[in-house]
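Taking numbering that gives the first Met the number 0, the leading residue of the sequence shown gets 0, the next gets one more, and so forth. Just so it is clear, CB atoms sit at the ideal spot from N, CA and C, and this is done for glycine as well.
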Amino acid sequence: MADSVALNGLVTRRPKAVELHFKQVCYRLKGKDKDSKTQILNETCGAFRSGCLTAILGPSGAGKTTLLNILAGFKVSGVSGEFLLNGEQRDLLAFRKMSSYIAQKFVMLTLLTVEETIRVSADLKLPTTTTTQQKQQILDNIIEVLNLHSCRHTLVRDISGGEHKRLSMGIELITNPPIMFFDEPTSGLDSASSYQVMCHLQRLAHDGRIVVCVVHQPSSRLMQLFDDVLVLANGEVLYAGAQRDMLASFREAGFSCPQYYNPSDFVLEVCSESSNERCEFLINQNKSKYNGLQSFKKVSGDEQTALIEMPDSSAENDSVLRPKELVGFWYQLRVLMIRSLRSMLRDRIAVQMRVLMHVIVALLLGVVYWQIGNDAAKVISNVSCQFFVILFLFCGNAMPSILLCMNDAPVFIREYYNGWYSLRAYYISKVLADLPLQMICPMAFISISYFMTGQPPEFNRFAMCCMISLLTAFIGHFIGVIGGTLLSLQTAIFLVPALSIPFMLFSGFFIRMGELSWFLRPLCDVSFFRYIFEGFVRAIYGYNREDLPCHQAFCYHKKPEQFLQDFEMTGDAFSVDIAALGLCLLLLLISFYVALHVCIRRVL
Numbered sequence: 000m001a002d003s004v005a006l007n008g009l010v011t012r013r014p015k016a017v018e019l020h021f022k023q024v025c026y027r028l029k030g031k032d033k034d035s036k037t038q039i040l041n042e043t044c045g046a047f048r049s050g051c052l053t054a055i056l057g058p059s060g061a062g063k064t065t066l067l068n069i070l071a072g073f074k075v076s077g078v079s080g081e082f083l084l085n086g087e088q089r090d091l092l093a094f095r096k097m098s099s100y101i102a103q104k105f106v107m108l109t110l111l112t113v114e115e116t117i118r119v120s121a122d123l124k125l126p127t128t129t130t131t132q133q134k135q136q137i138l139d140n141i142i143e144v145l146n147l148h149s150c151r152h153t154l155v156r157d158i159s160g161g162e163h164k165r166l167s168m169g170i171e172l173i174t175n176p177p178i179m180f181f182d183e184p185t186s187g188l189d190s191a192s193s194y195q196v197m198c199h200l201q202r203l204a205h206d207g208r209i210v211v212c213v214v215h216q217p218s219s220r221l222m223q224l225f226d227d228v229l230v231l232a233n234g235e236v237l238y239a240g241a242q243r244d245m246l247a248s249f250r251e252a253g254f255s256c257p258q259y260y261n262p263s264d265f266v267l268e269v270c271s272e273s274s275n276e277r278c279e280f281l282i283n284q285n286k287s288k289y290n291g292l293q294s295f296k297k298v299s300g301d302e303q304t305a306l307i308e309m310p311d312s313s314a315e316n317d318s319v320l321r322p323k324e325l326v327g328f329w330y331q332l333r334v335l336m337i338r339s340l341r342s343m344l345r346d347r348i349a350v351q352m353r354v355l356m357h358v359i360v361a362l363l364l365g366v367v368y369w370q371i372g373n374d375a376a377k378v379i380s381n382v383s384c385q386f387f388v389i390l391f392l393f394c395g396n397a398m399p400s401i402l403l404c405m406n407d408a409p410v411f412i413r414e415y416y417n418g419w420y421s422l423r424a425y426y427i428s429k430v431l432a433d434l435p436l437q438m439i440c441p442m443a444f445i446s447i448s449y450f451m452t453g454q455p456p457e458f459n460r461f462a463m464c465c466m467i468s469l470l471t472a473f474i475g476h477f478i479g480v481i482g483g484t485l486l487s488l489q490t491a492i493f494l495v496p497a498l499s500i501p502f503m504l505f506s507g508f509f510i511r512m513g514e515l516s517w518f519l520r521p522l523c524d525v526s527f528f529r530y531i532f533e534g535f536v537r538a539i540y541g542y543n544r545e546d547l548p549c550h551q552a553f554c555y556h557k558k559p560e561q562f563l564q565d566f567e568m569t570g571d572a573f574s575v576d577i578a579a580l581g582l583c584l585l586l587l588l589i590s591f592y593v594a595l596h597v598c599i600r601r602v603l
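Below, the structure written as structure tokens:
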């Protein structure tokens, strides 16, 4: 009773009564040939009631998750059928606003605590008119109802599987939705944790919600918790209704469940015989039961208005699948920035180890190339040192960024399609949140290596090298995040270095541009490594640098101008190199935004 009272205090009002009725729902999956289609669901019918915990049962491949995705509104292409909400035709956008879907693999940011994760959800899902005290009350109630006291200040990566499932419920309970869908909520849990999770789902349902969950093979103990059951086999519904009537319905069709036998095991065995005539009787009986039902009881006008908000007819096409954000752009940006920075500071590999590695490699580079920058006899070795700096700054920022983007992508897709924030807010927050790390690492690296390798102690030259280093790190970072957004982990780790090699080849370090064939020379103009390399060389040896000290009988590159002529880099055109790199960075920023857009479109 205490739990029910606490749950009712999650928001200002109790969930409104709602009933969902669906009939003749079919889903066909397009094959490789345009004309070929595979039937996944065939005229499925059923109903879900407020205050009832409903289980969708069936063998593997029966179409359970597909049906759940269709009912939740996450799959619309190739779907036909009728959906009635409180006796009226369901509006998909309005339905998405009043329902929640918790996938089997509900990915969360692992470096936030349980309380911080729920707080971010409250900040982004509740209207701005909600006060801080009200949000805190909602947060405390959710933690109390879901029994998350012991892990309240624990990082998500350190909580148990059962606590992870309950936390996923808490994230969706912020808005007190009247309809909740769960895909395999007991997957990966032991029997005790599974029972605990299902008890929480039952409590949520009995408080006045529709709670529907796909369960693969529940134990007899779990079966006792379900109020309604929907049995699915080969894309067809054998039974949909109250659990207490399920065995009687199967018995009427000629299937008798042995005494003391688990009902779920029994119906799964029957589903394996779904091709015989007795199963056809069950399927036809269920169709006649729901196809003949025109509508459920009508609710009052006030209640209907409270449940369903009709969408703006001028909404964009993607709003059919995505509710509009409830908070403003600047508030979204602030919450996302704080969350990203908090996660970054706790990531030892992404931050602490990354900064430490830049410092260690810089010290090693300084020891190997100790004070060669002011020696005319070692100019070629000094240029090699500069090219190593370029390679490390690029690869040291590109490769880790692939992994960072991989971890964030599933969370971004889920939150974006649930209307937490706009694509623009997420994009800007990612760009700005990564700036501190992208500036600290290259600055620490170049500051140590520059002076240990004996480069000219002039502020202007050092500042130019710092500028080139920062641009190199930024370019590497955004190439990494674009690869991580668009590609799989294995593909990105292979393609990012592989595609960068041609740009390195035409940088002017391995072969001078004048020695290239005429048809290859334009490739140098599009190589960002060329402008990085030229920028470093001109910063060190350009702008009328004095003759270098020579400690041998003859030094060919005693005059810096002679070296610049040999490498075809004459002229003080450092600003041209910076402009070219700036243009490259701008194109990458645009490409990153496009990559995020492609990423969210893939799930449609």
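Notebook entry, point to check: Where are the beta strand (DSSP E) runs, 3 residues long or more, that stay fully inside the region 95 to 152, in chain order?
Noted result: 98 to 101
Item checked: N- and C-terminal bounds of the alpha helix (DSSP H) containing residue 545 -> Premise fails: residue 545 is in no alpha helix (DSSP H) and is neither H nor E.
Checklist line | Same chain only: Cβ atoms within 6 Å of residue 580, ignoring 5 sequence neighbours per side | finding: Scanning its chain for C-beta atoms nearer than 6 Å, with the 5 sequence neighbours on each side dropped, one finds around residue 580 the residues 470 and 530, in chain order.
Next item on the list: Under the assumption that residue 448 contacts residue 364 (Cβ atoms under 8 Å), give the Cβ distance between them as a whole number of angstroms.
Entry: 5 Å
Check: What's the C-alpha gap between residue 252 and residue 281?
Finding: 6 Å
Item checked: C-alpha distance - residue 457 paired with residue 547, whole-angstrom precision -> 14 Å
Notebook entry, point to check: Is residue 352 buried or exposed, if buried means 16 or more other CB atoms sit within 10 Å of its CB?
Noted result: exposed
Notebook entry, point to check: How long is the line joining the alpha carbons of residue 328 and residue 54, rounded to whole angstroms?
Noted result: 39 Å
Check: How many angstroms separate the CA atom of residue 199 from the CA atom of residue 27?
Finding: For residue 199 and residue 27, the gap between their C-alpha atoms comes out near 35 Å.
Notebook entry, point to check: Taking C-alpha atoms, which residue in 455, 205 and 196 lies nearest to residue 50?
Noted result: Ranking 455, 205 and 196 by Cα distance to residue 50 puts 205 first.
Margin query: I'd like the list of long-range same chain contacts for residue 509, defined as Cβ closer than 8 Å, with 5 residues on each side in sequence excluded.
Written below: Here the set comprises 503.
Next item on the list: With a threshold of 16 other CB atoms inside 10 Å of the CB of residue 163, please say whether the residue is buried or exposed.
Entry: Buried, because 16 or more other Cβ atoms sit within 10 Å of the Cβ of residue 163.
Notebook entry, point to check: Considering only C-alpha positions, which residue in the set 561, 111, 360 and 361 is nearest to residue 152?
Noted result: 111
Notebook entry, point to check: Does the Cβ of residue 99 have 16 or more other Cβ atoms within 10 Å, making it buried, or fewer, making it exposed?
Noted result: buried
Note to self: Buried or exposed, going by whether 16 or more other CB atoms sit within 10 Å of the CB of residue 555?
What the structure shows: Answer is exposed; the Cβ neighbour count stays below 16.
Margin query: Are the CB atoms of residue 486 and residue 427 within a distance shorter than 8 Å?
Written below: no
Check: Which of helix, strand or coil does DSSP assign to residue 90?
Finding: coil
Check: Mind checking residue 517: buried by the 16 CB within 10 Å criterion, or exposed?
Finding: exposed
Checklist line | Chain-order list of residues whose beta-carbon lies under 6 Å from that of residue 361 (same chain, five-residue window excluded) | finding: 444, 447 and 448
Check: How many angstroms separate the CA atom of residue 570 from the CA atom of residue 366?
Finding: So the two alpha carbons sit approximately 32 Å from each other.
Notebook entry, point to check: Can you name, in chain order, every residue of its own chain whose Cβ lies under 6 Å from the Cβ of residue 513, other than the five neighbours on each side?
Noted result: 567
Item checked: Contacting residues, own chain, Cβ-Cβ under 7 Å from residue 520 (five flanking each side not counted) -> 512
Next item on the list: Starting from the C-beta of residue 398, find all residues in its chain whose C-beta is less than 6 Å away, skip the five residues before and the five after it, and write them out in chain order.
Entry: none
Next item on the list: Measuring alpha carbon to alpha carbon, tell me which of 47, 549 and 118 ends up nearest residue 177.
Entry: Scanning 47, 549 and 118 for the CA closest to the CA of residue 177 turns up 47.
Item checked: Distance CB(residue 482)-CB(residue 393) smaller than 8 Å -> no
Checklist line | Whole-angstrom distance between residue 598 and residue 261, CA atom to CA atom | finding: 43 Å
Next item on the list: Run the CB neighbour count on residue 171, radius 10 Å, all protein chains shown included, and call it buried at 16 or more, exposed below.
Entry: buried
Check: If you draw a straight line from the C-alpha of residue 339 to the C-alpha of residue 283, how long is it?
Finding: 53 Å
Notebook entry, point to check: Given residue 527, which residues of its chain have a CB within under 7 Å of its CB, disregarding the five upstream and five downstream residues?
Noted result: 474, 502, 580 and 583
Check: Hey, residue 232 and residue 173: beta-carbon distance below 8 Å or not?
Finding: No; because the gap between Cβ atoms is not below 8 Å, this pair is not in contact.
Item checked: Rounded C-alpha distance that separates residue 109 from residue 154 -> Distance between the alpha carbons of residue 109 and residue 154: 6 Å.
Check: By a C-beta neighbour count over all protein chains shown, 10 Å radius and 16 as the cutoff for buried, is residue 20 buried or exposed?
Finding: buried
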